[in-house]
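First up is the structure itself, then whatever we jot down about it.
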Amino acid sequence: MILNTPAQLSLPLYLPDDETFASFWPGENPLLLAALQSALHQQHGSYFYFWSREGGGRSHLLHAACAELSAKGEAVGYVPLDKRTWFVPEVLDGMEQLALVCIDNIECIAGDSPWEMAIFDLYNRILETGKTRLLITGDRPPRQLNLKLADLASRLDWGQIYKLRPLCDEDKLQALQLRARLRGFELPEDVGRFLLKRLDREMRTLFATLDQLDRASISAQRKLTIPFVKEALAL
Numbered sequence: 027m028i029l030n031t032p033a034q035l036s037l038p039l040y041l042p043d044d045e046t047f048a049s050f051w052p053g054e055n056p057l058l059l060a061a062l063q064s065a066l067h068q069q070h071g072s073y074f075y076f077w078s079r080e081g082g083g084r085s086h087l088l089h090a091a092c093a094e095l096s097a098k099g100e101a102v103g104y105v106p107l108d109k110r111t112w113f114v115p116e117v118l119d120g121m122e123q124l125a126l127v128c129i130d131n132i133e134c135i136a137g138d139s140p141w142e143m144a145i146f147d148l149y150n151r152i153l154e155t156g157k158t159r160l161l162i163t164g165d166r167p168p169r170q171l172n173l174k175l176a177d178l179a180s181r182l183d184w185g186q187i188y189k190l191r192p193l194c195d196e197d198k199l200q201a202l203q204l205r206a207r208l209r210g211f212e213l214p215e216d217v218g219r220f221l222l223k224r225l226d227r228e229m230r231t232l233f234a235t236l237d238q239l240d241r242a243s244i245s246a247q248r249k250l251t252i253p254f255v256k257e258a259l260a261l
């Protein structure tokens, strides 16, 4: 979990500094992106739930939201439930005082009664204070989470709910080229299409490969070409 408060309390998990709104390629998700950014600029509370398959960009959006408000000096909290063994449900106590609370991968606590109750209680406290933006992500719609606590399932069905649609290959190419530009180099279109053809199309894999190629290109003092990519990746 990362918790950024005016006292600058940090717990041992840090967010990637390259996952911002500027580096997010929306593809078929412009409405979600616009609604989310609009909510972050308002001073009253709001609730969003969005879901996608793993690697679909949901964590990127939560990281971006945290970065956006943290840069303005506002207090934010990020809780990745896939790492819930690192902390206890009581970590949510008092988070209703933050400007933004992001709960990632809620499907990971389905059937875990202490965690389900802690999230339900936090949701109710946030409703009472009316000032916190609450963002929750999962790998499926709220009603399909197999939660034990029916009241939590009902709460999660409120607010703005979106499916984060996966990127098509053309959008993946655009996302790769955008990430390259933000890192200070160009990804030629033919090289990008070659990567999409030869590699796993999951975006985390593609971005990690792009970082690897950037380092290799700098080390070898060579531009990104298909022959160089084949050599660097042993393809």
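Residue numbering for the sequence shown follows this note's numbering, beginning at 27 and increasing consecutively.
Cβ coordinates follow ideal geometry from the N, Cα and C atoms, glycine included.
Asked, Found
"Three-pair Cβ contact test at 8 Å for the region 121-133 versus the region 149-168", "yes"
"Paired residues, beta bridge with V105 - DSSP", "I129"
"P52 versus A201, G218, T251 and A206, residue with shortest Cα-Cα distance", "A201"
"Sheet register partners of R191 (DSSP bridge)", "BP columns for R191 are empty, so no partner."
"Inter-stretch contact at 8 Å, needing at least 3 Cβ pairs: the region 68-81 / the region 92-104", "no"
"Alpha carbon of K174 to alpha carbon of L182, nearest angstrom", "13 Å"
"Spatial distance of H70 from A91 (CA atoms)", "15 Å"
"Best match in L41, N55 and V114 for proximity to L88 [C-alpha to C-alpha]", "L41"
"Q170, DSSP secondary structure in three states", "helix"
"Member of K157, E196 and I132 whose CA lies at the smallest distance from the CA of A179", "I132"
"Length of the line joining the Cα atoms of Y188 and A136", "20 Å"
"Residues that I162 bridges to, as DSSP identifies them", "Y75 and I129"
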